[in-house]
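What follows is one structure encoded as structure tokens, with my remarks underneath.
Chains as they are written, first to last, in our numbering: chain A, 243 to 339; chain B, 106 to 715.
Below is the structure:
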């Protein structure tokens, strides 16, 4: 079967189990509106080698949208690789205290 | 003088005398103003061993050279005195309108000595000053006092006052200005109360003279222009959700202190987050004088059980009274915040002390009979009721009024107080933000985020991201941030704007933007090196004061929970704070001995004589 390198959240069904990487996604604050469905906490599957950038593209979060990106609780960026079972949290930047 | 007023008002309450003094221009340049000027005065005049609530203590209220000049966030003043909570130094800092008005009334600072026999207030009106009877105000809340004093003096006057908590010497009583702004920490309100000084009321119309107004205006135009351009693209989170929006970050980093710091995540966090506050109780945001951000929250709660109106809460309040007590009822947190403002108390220490009491009850070290009511995790009604009782030192509130350390110690378990130098921490668990632990332990006032806030690097990526879990190499940026905070506090600026907009975007933090403002305002021709040295001078002289007061390396500490008990769950699971390792590195970077004492060479280099 041809390997479909579709990295959008709709495309995961096309990947065989060994090619799937499960990624937990949580959207908070102003970024909740980018959820693909009603739930702002969901799971996506990606081929190995995918990055946060691929996830942002799929969710249609453009470069201008201010965001904090956390992978498993660590501040990350667009180039950070996604890994099997990781949790990606996206929210509007904050500071202060 | 330019920038500075060149005058200090000296108030001797024992003798009932008030007089003016000149500010030495060299001292002004070397110590900047605000916090720096305060510690310079205290180091010269105050016995570090004195009883903080005795007439021997001295309290300084000091503005900075940029306060009231129109520099963005140049709205702040510092209250410096010996702390009844920590036994060390205070550096409580507040914005609003009062500090600018104080400076426009003709003075950089007010120095208060002695103790009045009867309650008084100080009225400063455009260079004129007098002490007035305040017996009719004693017992009144901060809001009642403020309204009454504006009636008695001038409708445009600005008021800084204490409430019943300060009068009753609650060890973490605050000085409230403009009703809801607080010089909150370390018990400055108790010192004011011990002096029988109910309020300082100021009215000023004098313009602050700038050395080079054209240069100042041009630089201001550039900075604000850039700020406003950026704001068009990136909405200002602090304006939209206030500091309480930080809950989202700390929860997802696993550093949101929960259950008296037994956990770093809280199931009910979305119910107390800034976004929820914006949706539910926010009326409008508010800003201090000359602030382009406007992080203040004017709020109103209609729920009859917790009804009220006022300002707040900030993030620190939400952590301390919310997750830390496992209270997910935001209305109750807002109400407890209102009570703290009206009675004049620090919300961090209040919430942290109630959280500590909840754990003491949970573990069977305090019986609920002693408290006179139930006190279980998450009890919103208890939070509100005990806050009120503390402000008046009623019943068990009398014990809570001593702060968490003394409470836990009286039960034989001081290790359950989440403090450094007996002052409660702000809301970032250092097990998941290592440099925060170093900042808490070495802050001159004890647990604090405002005397150096590495959360900016570790959690917010400002000015540059840094691995929050690494501890090697954290001493240098922590030291740099602390020095920088000393400059910010002394100049009269706010950390929120300054760190993002007035420093070079590097972990070394070069305060180039502040330098430009300082020179245009004062004409003192600071070099970057001189300004950075001034920050270090403030830190080192504060350290000297602490050492003379009896503090040693063992006081630069964190509770065992932070250094020995790994975080049980969440994104910071398994980590402890590596304080000892960081401390060694830190003292070295500071040129202090391994016991944390500034070396004679370091002091000589900064021109500090012991």
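Glycine included, C-beta positions come from ideal geometry on N, C-alpha and C.
| Query | Result |
| --- | --- |
| Taking Cβ to Cβ, would you say residue 597 of chain B is nearer than 8 Å to residue 606 of chain B? | no |
| Can you give me the Cβ contacts of residue 311 of chain B inside the same chain, cut-off strictly under 6 Å, excluding the 5 residues immediately before and after it? | 209, 211 |
| Counting pairs of Cβ atoms below 8 Å between the region 439-451 of chain B and the region 337-352 of chain B, do you hit three or more? | no |
| Enumerate in chain order the residues of its own chain whose CB-to-CB distance from residue 151 of chain B is below 6 Å, with the five nearest sequence positions on each side excluded. | 163 |
| Could you tell me the distance, in whole angstroms, from the CA atom of residue 246 of chain A to the CA atom of residue 349 of chain B? | Low confidence applies here, because residue 246 of chain A scores a pLDDT of 36, under 50, leaving its location unreliable and the question unanswered by this model. |
| My output table needs one value for residue 541 of chain B: the three-state DSSP class, helix, strand or coil. | helix |
| Cα separation between residue 253 of chain A and residue 295 of chain A? | Bear in mind that a pLDDT of 46 at residue 253 of chain A, under 50, signals an unreliable position, so the model cannot answer this. |
| Flag this pair as touching only if the region 166-179 of chain B and the region 530-544 of chain B have three or more C-beta atom pairs under 8 Å; answer yes or no. | no |
| Does any residue of chain B bring its CB to less than 8 Å from the CB of residue 306 of chain A? | yes |
| Just the Cα atoms here: how many angstroms apart are residue 485 of chain B and residue 431 of chain B? | 9 Å |
| For residue 112 of chain B, tell me which candidate among B:118, B:635, B:125, B:119 has the shortest Cα-Cα distance. | B:125 |
| Going by C-alpha to C-alpha distance, which of B:637, B:683, B:493 sits closest to residue 578 of chain B? | B:683 |
| What is the rounded straight-line gap between the Cα of residue 139 of chain B and the Cα of residue 388 of chain B? | 32 Å |
| Among A:318, A:327, A:333, whose alpha-carbon lies nearest the alpha-carbon of residue 572 of chain B? | A:318 |
| Near residue 544 of chain B, which residues of its chain fall below 6 Å by C-beta distance, leaving aside the five closest residues on each side in sequence? | 557, 559, 583 |
| Give a yes or no on whether the minimum CB-CB distance between residue 566 of chain B and chain A is below 8 Å. | yes |
| Provide the residue span of the alpha helix (DSSP H) that contains residue 248 of chain B, from first to last. | 247-257 |
| Any Cβ of chain A within less than 8 Å of the Cβ of residue 631 of chain B? | no |
| Examine chain A for any beta-carbon lying closer than 8 Å to the beta-carbon of residue 324 of chain B, and answer yes or no. | no |
| Any beta carbon of chain B sitting closer than 8 Å to that of residue 295 of chain A? | no |
| Can you name the residues that DSSP bridges to residue 114 of chain B? | B:125, B:215 |
| Rounding to the nearest angstrom, what Cα-Cα distance links residue 282 of chain A and residue 308 of chain A in this structure? | 18 Å |
| Would you verify that the beta carbon of residue 354 of chain B is, or is not, closer than 8 Å to some beta carbon of chain A? | yes |
| Tell me whether residue 541 of chain B is buried or exposed, calling it buried when 16 or more other Cβ atoms sit within 10 Å of its Cβ. | buried |
| I want to verify the contact list: residues of chain B whose CB lies under 8 Å from the CB of residue 323 of chain A, in sequence order. | Per Cβ cutoff of 8 Å: no residues; residue 323 of chain A is ~17 Å from chain B at best. |
| Grab me the residues of residue 244 of chain A's own chain with a C-beta within less than 6 Å of its C-beta, minus the 5 sequence neighbours each way, in chain order. | Model confidence at residue 244 of chain A stands at a pLDDT of 35, short of 50, so the residue's coordinates are unreliable; what they give is reported in the following sentence. Once the five neighbours on either side are set aside, residue 244 of chain A has no close Cβ partner at all. |
| Counting only Cβ-Cβ distances shorter than 7 Å, please list the residues of the region 576-605 of chain B near chain A, keeping chain order. | 601 |
| Below 7 Å between beta carbons is the criterion; list the residues of the region 355-381 of chain B that meet it against any residue of chain A, in chain order. | 357, 358, 359, 380 |
| Is residue 230 of chain B helix, strand or coil when you go by DSSP? | strand |
| Take every Cβ of the region 116-131 of chain B, pair it with every Cβ of the region 360-378 of chain B, and state whether three or more of those distances are shorter than 8 Å. | no |
| Considering residue 147 of chain B, what are the terminal residues of the alpha helix (DSSP H) in which it resides? | 139-150 |
| Count the other CB atoms within 10 Å of the CB of residue 665 of chain B; is the residue buried (16 or more) or exposed (fewer)? | exposed |
| DSSP three-state label for residue 314 of chain B, please. | coil |
| Using a Cβ-Cβ cut-off of less than 7 Å, give me the residues of the region 325-336 of chain A that come near chain B, in sequence order. | 331, 333, 334, 335, 336 |
| Is residue 283 of chain A close to chain B? Criterion is C-beta to C-beta, closer than 8 Å. | no |
| Check whether the Cβ atoms of residue 264 of chain A and residue 327 of chain A sit closer than 8 Å, and answer yes or no. | yes |
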